[in-house]
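Residue numbers (my numbering), protein chains in the order written: chain F, 1 to 265; chain R, 1001 to 1265.
2 protein chains.
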Amino acid sequence: MRAEALLLFFSFSIGIVTGDWNILSYTTKKRDHHQHHAGISLKNYCESWRINVELNNIRGFDVVPGECVGYIGKYMTSTQYKVDVQRAAEQTTLFLTNNFRLGADGKDAWIFDIDDTLLSTVPYFKKHQHGAVLGCRGATTNSTSMEQWMEERSAPAVEHMLDLYHEIRARGLKIFLISSRREHLRDATIDNLVKVGYLGWTDLILRCAEDCYHAVANYKTEKRRKLIEQGYHLWGIMGDQWCSLVGHPSANRTFKLPNPMKKAL
Amino acid sequence: MRAEALLLFFSFSIGIVTGDWNILSYTTKKRDHHQHHAGISLKNYCESWRINVELNNIRGFDVVPGECVGYIGKYMTSTQYKVDVQRAAEQTTLFLTNNFRLGADGKDAWIFDIDDTLLSTVPYFKKHQHGAVLGCRGATTNSTSMEQWMEERSAPAVEHMLDLYHEIRARGLKIFLISSRREHLRDATIDNLVKVGYLGWTDLILRCAEDCYHAVANYKTEKRRKLIEQGYHLWGIMGDQWCSLVGHPSANRTFKLPNPMKKAL
């Protein structure tokens, strides 16, 4: 029932979504900057930035380049973004259907990121120009306003992910949420997750105090290592940044949601 | 000089390129197929396929979905593809400038794929509907015609990669070409590479006989392991498929060129 309801909402929302993103909507020619890109349109430039973030070629950026803020923002609020997420969710289901068999030991596990995987930070970035804040290096200078927004507990679910979450849980997998949110946001995070429909996880793992000075990638691999030591079989990780997915130990499969807003390690 | 010449050619070619790709050029609504995508345009559907291949969420496909062949083909022959590749090359240069220091032992190394990394297979796919042929699983049923085309030694260089190749070589790095092309194509491959300007590699590693039944990812990690055993420091791998980049041992960094035509393991 949830699937049908979401599908209806999704089909409906296609009609009303504003700011539909397309790579033709930016036709301004670049002039002085980036001499090597002379003659290339701004849309080409910003699209190449976006795809190279997703290919994990561009790493460690602090914010989206100023001239691409509008382009990236439109993508994140477009029908295309929703369809891209839906496709990733479908691939996850396909993987589990073809490969997953529930073991007898109750130790089959799945890992999710939170921000821009289960909960959307797009409403925050709409206010703050789509600059990256909580990336693979953890909190940056803008983190105070980001954390204030998280305290409001008003993040909506990323479309299609609520369904996927419950589908994975229904298969008998234990769900672990490993987030780079800090420990003091625990109550707000739980409230927000429950409010939009995420329930029944096995553990919610947040950073700090002792983790705060680790790079996020190291923090996440370390938490995975501990789960494996506890006997868990990690079937998959779903995240929106490469730093949540790379490094060892990993899982049988990883799935990356699109997210050109955040920096990767 | 080569850089300027290529840049001129590139700037010129922007004006004359035909079939400029954009995600608005497919407005046909899907009707019966993919009920879950009802109401979504074909461009949304094909673009979500493309991005999920690049995110390494869609793996092991045999061919590009029939309804997306035109869309994918247009991307591969578009200005956008060239700009995306250029951006990846720039990121590689940036990485080396910031991180690479030539050692005294002459063992600093860089690995390249060949097809759709140094040499373009787009002319082949233009004739053959952009179906995947030489993917991470190695040769498939269409491999005969692909290999016949490779025997013709007529593949052009991927734009921007010739510059990058020579820049990396000029920094003192030893270049290793690790390809899933088979051994019987050695002469044709060398001829083709030299003809378009790739010279001075340290070793060209092809598959078979004994490797032919390995998955390509295993074959490539195995060859990297051997290089490391020989004392090489692997600074980077540049390839167009995830199966060329993942697995251990890896390199300090990996760079992936866009390629939605080929399947990944």
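Beta carbons: idealized from backbone N, C-alpha and C, even for Gly.
Neighbour flag for residue i against chain F, beta carbons, 7 Å
i, result
"residue 1034(R)", "Per-residue confidence for residue 1034(R) stands at a pLDDT of 46, beneath the threshold of 50, marking its modelled position as unreliable; the derived number appears in the next sentence. Closer than 7 Å: no."
"residue 1084(R)", "yes"
"residue 1061(R)", "no"
"residue 1047(R)", "yes"
"residue 1260(R)", "no"
"residue 1055(R)", "yes"
"residue 1111(R)", "no"
"residue 1255(R)", "yes"
"residue 1044(R)", "yes"
"residue 1052(R)", "yes"
"residue 1148(R)", "no"
Closer than 7 Å to chain R by CB, residue i
i, result
"residue 40(F)", "yes"
"residue 240(F)", "no"
"residue 88(F)", "yes"
"residue 80(F)", "yes"
"residue 228(F)", "no"
"residue 58(F)", "yes"
"residue 134(F)", "Note that residue 134(F) has pLDDT 46, beneath the 50 cutoff, so the model's placement of it is unreliable and the number below is only indicative. No, its Cβ sits nowhere closer than 7 Å to a Cβ of chain R."
Residue i versus residue j: straight-line alpha-carbon distance, rounded
i, j, result
"residue 199(F)", "residue 168(F)", "12 Å"
"residue 1250(R)", "residue 1221(R)", "7 Å"
"residue 1117(R)", "residue 1177(R)", "10 Å"
"residue 90(F)", "residue 1112(R)", "32 Å"
"residue 226(F)", "residue 1109(R)", "35 Å"
"residue 76(F)", "residue 105(F)", "40 Å"
"residue 1078(R)", "residue 239(F)", "30 Å"
"residue 1121(R)", "residue 1147(R)", "11 Å"
"residue 235(F)", "residue 96(F)", "9 Å"
"residue 1115(R)", "residue 1182(R)", "12 Å"
"residue 1179(R)", "residue 190(F)", "49 Å"
"residue 993(R)", "residue 1246(R)", "Residue 993(R) lies beyond the residue range present for chain R, which begins at 1001 and ends at 1265; the question has no answer from this structure."
"residue 84(F)", "residue 170(F)", "24 Å"
"residue 228(F)", "residue 1153(R)", "49 Å"
"residue 224(F)", "residue 166(F)", "21 Å"
"residue 99(F)", "residue 233(F)", "13 Å"
"residue 188(F)", "residue 1123(R)", "55 Å"
"residue 88(F)", "residue 257(F)", "7 Å"
"residue 63(F)", "residue 128(F)", "11 Å"
"residue 1061(R)", "residue 39(F)", "36 Å"
"residue 1074(R)", "residue 1143(R)", "23 Å"
"residue 65(F)", "residue 208(F)", "30 Å"
"residue 184(F)", "residue 103(F)", "35 Å"
Cutoff 6 Å; reference residue i; Cβ partners in own chain excluding five residues on either side
i, result
"residue 159(F)", "82"
"residue 1260(R)", "1050, 1053 and 1072"
"residue 1058(R)", "1052"
"residue 201(F)", "175 and 177"
"residue 1237(R)", "1111, 1245, 1251 and 1254"
"residue 1107(R)", "1231, 1232 and 1233"
"residue 1068(R)", "1046 and 1049"
Status (buried if at least 16 other CB within 10 Å, exposed otherwise) for residue i
i, result
"residue 1230(R)", "exposed"
"residue 253(F)", "buried"
"residue 126(F)", "exposed"
"residue 101(F)", "exposed"
"residue 1145(R)", "exposed"
"residue 1092(R)", "buried"
"residue 1192(R)", "buried"
"residue 44(F)", "buried"
"residue 1047(R)", "buried"
"residue 1194(R)", "exposed"
"residue 1173(R)", "buried"
"residue 94(F)", "exposed"
Same chain only: Cβ atoms within 8 Å of residue i, ignoring 5 sequence neighbours per side
i, result
"residue 1267(R)", "With chain R covering 1001 to 1265 only, the question about residue 1267(R) has no answer from this structure."
"residue 1196(R)", "1119, 1155, 1156, 1157 and 1162"
"residue 218(F)", "247"
Residue i: CB within 6 Å of a non-hydrogen atom of the ligand GDP
i, result
"residue 1235(R)", "The ligand GDP is not among the ligands present in this structure, which contains no ligands whatsoever."
Chain-order list of residues whose beta-carbon lies under 7 Å from that of residue i (same chain, five-residue window excluded)
i, result
"residue 1086(R)", "1160"
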